[in-house]
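Asker: So the sequence shown is numbered by the numbering used here: it starts at 1257 and just counts up by one. We put the beta carbon where it would ideally sit given N, CA and C, even for glycine. Just so you know, these numbers come straight off a predicted model, no measurement behind them.
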Amino acid sequence: MVLVIAGDRSGVGKTTVTLALLAALKRWGLSVQSFKVGPDYIDPMFHRDVTGRSCRNLDPVLTSEAYVQQCFSAHTQSVDYALVEGVMGLFDGAAGTPDFASTAHIARLLNAPILLVVDCSRLSHSIAAILHGYRSFDPRLEFAGVVLNRVGSDRHLELLKAAIAPLNIPVLGVLHRDDQIQIPDRHLGLIPTDELKDLDSLIDRLADLGQTCFDWSPLKALLISRSIHPSSLLTKRVEDLSHPSSLLAKRVEDLPHPSSRSGSKTSLIPPSPVRLAIAQDAAFNFYYPDNLDLLQHLGAELVPWSPLHDTTLPADIDGLYFGGGFPEVFAQTLSDNETMRGSVKAAIESGMPTVAECGGLMYLCDRLTDFSNHSFPMVGILPTTAVMGKRLTLGYRKAQALHNTPLMLQGEIVQGHEFHRSHLTPSSEAPLFDLSSPYSTTPQPFSEGWRLPHLHASYLHLHWGATPNLPARFLQQCHLYTSKKRRV
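#1: Got a sec? Which residues, its chain only, sit under 6 Å from G1705 by beta carbon, not counting five neighbours each side?
#2: For V1402, which of T1274, G1672, R1653, H1679 has the nearest alpha-carbon?
#3: Under the three-state reduction of DSSP, which class applies to C1376: helix, strand or coil?
#4: In three-state DSSP terms, what is M1618?
#5: By how many angstroms is the C-alpha of G1345 removed from the C-alpha of H1381?
#6: Report the residue from A1535, G1349, S1358 whose alpha carbon sits nearest the alpha carbon of T1568.
#7: Three Cβ pairs or more, each shorter than 8 Å: is that satisfied between the stretch 1391–1401 and the stretch 1365–1379?
#8: Return the bridge partner residues of R1597 from the DSSP annotation.
#9: Going by DSSP in three states, S1747 sits in which element: helix, strand or coil?
#10: Let me know the secondary structure DSSP gives R1265 once reduced to three states.
#11: Does the pairing of the stretch 1451–1460 with the stretch 1408–1418 give three or more beta-carbon distances under 8 Å?
#12: Would you please state the rounded distance, in angstroms, between the beta carbons of D1315 and G1294? I believe it to be under 8 Å.
#13: Which residues in the same chain as C1734 place their Cβ atom closer than 6 Å to its Cβ, once the five residues preceding and following it in sequence are excluded?
#14: Which ranges does the beta strand (DSSP E) cover as unbroken runs of at least 3 residues, wholly within the stretch 1406–1463, from first to last along the chain?
#15: Based on DSSP bridge pairs, tell me the residues matched to T1319.
#16: Taking R1406 and L1431 to be in contact with their CB atoms under 8 Å, please state how far apart those CB atoms are, rounded to whole angstroms.
#17: What is the DSSP secondary structure of T1271, reduced to helix, strand or coil?
#18: Taking a contact to mean a Cβ-Cβ separation below 8 Å, would you say H1673 touches R1653 in this structure?
#19: How about D1305 and T1271: do their beta carbons lie closer than 8 Å?
#20: Quick one: residues in its chain with C-beta nearer than 6 Å to the C-beta of Q1666, no 5 flanking neighbours on either side, listed in chain order?
#21: Once DSSP output is grouped into helix, strand and coil, what is the label at T1681?
#22: Could you tell me the distance, in whole angstroms, from the CA atom of R1411 to the CA atom of S1266?
#23: Would you tell me roughly how many angstroms separate the C-alpha atoms of D1471 and V1288, rounded to the nearest one?
#24: Keeping to the same chain, check which residues put their C-beta closer than 6 Å to that of S1377; ignore five residues upstream and five downstream.
#25: Using the C-alpha atoms, what's the distance from A1533 back to G1429?
#26: Which residue wins for smallest C-alpha separation from F1632, given the options I1425, T1738, E1584?
#27: Is K1741 buried or exposed, if buried means 16 or more other CB atoms sit within 10 Å of its CB?
#28: Quick check: the stretch 1458–1478 against the stretch 1277–1285, are there 3 or more CB pairs under 8 Å?
#29: Nearest by alpha-carbon distance to V1317: which of P1727, V1335, A1385, T1353 is it?
#30: Tell me whether F1730 is buried or exposed, calling it buried when 16 or more other Cβ atoms sit within 10 Å of its Cβ.
#31: Taking C-alpha atoms, which residue in S1693, P1682, P1474, W1284 lies nearest to P1426?
#32: Taking all protein chains shown into account, decide if F1702 is buried (16 or more other Cβ within 10 angstroms of its Cβ) or exposed.
#33: Using DSSP's beta-bridge definition, name the partner residues of G1607.
#34: Below 6 Å CB to CB, which residues in the same chain sit around I1669 once its five sequence neighbours on both sides are set aside?
#35: Only counting the same chain, and skipping five residues up and downstream in sequence, which positions put a Cβ closer than 6 Å to that of C1327?
#36: Measuring alpha carbon to alpha carbon, tell me which residue in L1711, P1563, P1545 is nearest H1719.
Encoded structure:
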């Protein structure tokens, strides 16, 4: 019931193959749960719009190996099939490690077979050496077959199949060069689905591709013969986590309970529901579904709103949560919405607990300078300018909080991820984090982020799956803020 879609390297067509398979299964009326290896936000958006289910990230750096298994188990109990889209090349993991957090690592954790996608545009007989190497490199892995992508002609296909035949590796899919579906991209990868006007047409073309370019008899037999059950690599049991709510309950059950002054334990979970405003539109849409699920399970009512189109914040809210996204693409519209900018600034200045990641951080700056060097006024709660540039900041980060924030306590350590082409100038005089690259051979700590008494703003993206105390603390601060206002 589960298959891992891997590539021999980046850019070979993993996403197109995954989406085509998902779209075909969905067209046939089958339920399918998708997953994405690593911290990416945009590929999962396409998965979600094809399947109608939130795609879940499987990232043992941002969470843990145990959480990867638990998350997978919890979200595959009520579906017909599960597909996992890999990241980069099959064995490419976090920098500085052999293959930790790689597609191969996840396949081992889930005891799942691999469908390898190979770009054949510049290959013929050499494909045999590539496949032999990938299959033999790690004998713990099981290879279901190969998808030949970007095949040039029928003669080209004959040469490829002849080379592969002695290896007894099934060819389960063939995509010709003229079968390619172009999904537009820009400076941080694919353009998110919220911005694609012809998305339904794209999904239809993907379904056609999925139905016609794959050998479904062995594929379905392979899928049906598998049981969705992670390996016993870890001693932690996952069998009792048979539903997403069970996973959430377990996360909450594991929350630390700080002692009160009287010596009794006090819960981090707020005693009454918290109305949390979530910035959600084309400019802000980078949210891990697990984070939103945890917030709701902890008692939050999530209230979506649009910094692009709304003129005021939702009524009676207790906190603000800004995810990442592309404020630089919509800088003019965000800037023109002066009433909303003023509403956000007033709310934060009133002490409303606020968490802002990456794009959210940029929106809260005084100004944003885009790639054309045009400068636009933003919210202005942070006395700095977000400046777009060519340099890509990318990688996992180990972060230690330098101060108490609505999300973290001073000294707490988390694992996060950065992915942006902007920088702040000037930088904060009281930064939020000490950061380091945990997989670098010579990690050099550096400071990052911006902290105000009730604001946690950073380029760092966090997945809260393995650290539910963070959203619990945030909601507790939101509850205290509203309680204090009511007493005044």
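Answerer: Reading off the structure:
#1: The sequence position of residue 1705 within the sequence shown is 449, counting from 1. Around G1705: P1687, L1688, F1689, S1714.
#2: Translated into positions along the sequence shown, residue 1402 becomes position 146. Between V1402 and the set T1274, G1672, R1653, H1679, the nearest pair of CA atoms involves T1274.
#3: Looking up residue 1376 in the sequence shown gives position 120. In the three-state reduction of the DSSP assignment, C1376 falls in the coil class.
#4: Within the sequence shown, residue 1618 is the residue found at index 362, counting from 1. For M1618, the secondary structure class from DSSP, reduced to helix, strand or coil, is helix.
#5: As a working mapping, residue 1381 is identified with position 125 in the sequence shown. As a working mapping, residue 1345 is identified with position 89 in the sequence shown. Straight-line Cα distance between these residues: approximately 20 Å.
#6: Along the sequence shown, one-based indexing puts residue 1568 at 312. Looking at the Cα atoms, A1535 is the closest of the given residues.
#7: Counting C-beta pairs with one atom in each stretch, the stretch 1391–1401 and the stretch 1365–1379 have three or more that are closer than 8 Å, which means they touch.
#8: The count along the sequence shown starts at 1 and reaches residue 1597 at position 341. DSSP lists no partner for R1597.
#9: Here the chain covers residues 1257 to 1744 and nothing more, so residue 1747 does not appear.
#10: The sequence position of residue 1265 within the sequence shown is 9, counting from 1. Note: R1265 maps to coil in three-state DSSP.
#11: Judged by Cβ distances under 8 Å, the stretch 1451–1460 makes no contact with the stretch 1408–1418, as fewer than three pairs qualify.
#12: Position 59 of the sequence shown holds residue 1315. Position 38 of the sequence shown holds residue 1294. Their Cβ separation, rounded to whole angstroms, is 6 Å, which keeps D1315 and G1294 in contact under 8 Å.
#13: Position 478 of the sequence shown, counting from 1, holds the residue named residue 1734. Hits under 6 Å: V1530, D1574, G1575, P1609.
#14: As far as the stretch 1406–1463 is concerned, its whole beta strand (DSSP E) runs of at least 3 residues are 1427–1432.
#15: In the sequence shown, the residue the question calls residue 1319 occupies position 63. Per DSSP, none; premise fails for T1319.
#16: Taking the first residue of the sequence shown as 1, we reach residue 1406 at position 150. Taking the first residue of the sequence shown as 1, we reach residue 1431 at position 175. Right, the Cβ-Cβ distance comes to about 7 Å (below 8 Å), so this counts as a contact.
#17: Position 15 of the sequence shown, counted from the start, is the residue given in the question as residue 1271. T1271 sits in a helix when the DSSP states are folded into three classes.
#18: As a working note, residue 1673 is residue 417 in the sequence shown. As a working note, residue 1653 is residue 397 in the sequence shown. Contact: yes.
#19: Against the sequence shown, residue 1305 aligns to sequence position 49. Against the sequence shown, residue 1271 aligns to sequence position 15. In terms of Cβ geometry, D1305 and T1271 do not form a close pair [threshold 8 Å].
#20: As a working note, residue 1666 is residue 410 in the sequence shown. Excluding positions up to five away in sequence, the list reads A1657, H1659, N1660.
#21: Here residue 1681 corresponds to residue number 425 of the sequence shown, with the count starting at 1. In the displayed model, T1681 falls within a strand according to three-state DSSP.
#22: The sequence position of residue 1411 within the sequence shown is 155, counting from 1. The sequence position of residue 1266 within the sequence shown is 10, counting from 1. When rounded, the distance between both Cα atoms is 26 Å.
#23: Here residue 1471 is taken as the residue at index 215 of the sequence shown, counted from 1. Here residue 1288 is taken as the residue at index 32 of the sequence shown, counted from 1. Cα to Cα, the separation comes out at about 18 Å.
#24: Taking the sequence shown and counting its residues from 1, the one referred to as residue 1377 is at position 121. Non-local beta-carbon contacts of S1377 in its own chain, meaning distances under 6 Å to residues more than five positions away in sequence, involve R1406 in chain order.
#25: Mapped onto the sequence shown, residue 1429 falls at position 173. Mapped onto the sequence shown, residue 1533 falls at position 277. Roughly 45 Å between the two C-alpha positions.
#26: The sequence position of residue 1632 within the sequence shown is 376, counting from 1. Of the residues I1425, T1738, E1584, the one whose Cα lies closest to the Cα of F1632 is E1584.
#27: Along the sequence shown, read from residue 1 onward, the residue named residue 1741 stands at position 485. Its Cβ having fewer than 16 others within 10 Å, K1741 is exposed.
#28: Touching, yes, given that three or more Cβ pairs across the two stretches are closer than 8 Å.
#29: Locating residue 1317 in the sequence shown gives position 61, counting from the first residue. Distance from the Cα of V1317 is smallest, within the candidate group P1727, V1335, A1385, T1353, for T1353.
#30: Against the sequence shown, residue 1730 aligns to sequence position 474. Residue burial is scored here from C-beta neighbours: F1730 has at least 16 other C-beta atoms within 10 angstroms and is therefore classed as buried.
#31: Position 170 of the sequence shown, counted from the start, is the residue given in the question as residue 1426. Ranking S1693, P1682, P1474, W1284 by Cα distance to P1426 puts P1474 first.
#32: As a first step, residue 1702 must be located in the sequence shown, where it is residue number 446. Classification for F1702: exposed.
#33: If you number the sequence shown from 1, residue 1607 lands on position 351. DSSP, once it has assigned bridges, lists no residue as partnering G1607.
#34: Within the sequence shown, residue 1669 is the residue found at index 413, counting from 1. Apart from the 5 residues on each side of it in sequence, I1669 sits with its Cβ closer than 6 Å to the Cβ of Q1656 in its chain, given in chain order.
#35: The residue given as residue 1327 occupies position 71 in the sequence shown. Around C1327: R1312.
#36: Position 463 of the sequence shown, counting from 1, holds the residue named residue 1719. The residue from L1711, P1563, P1545 with its alpha-carbon nearest to that of H1719 is P1545.
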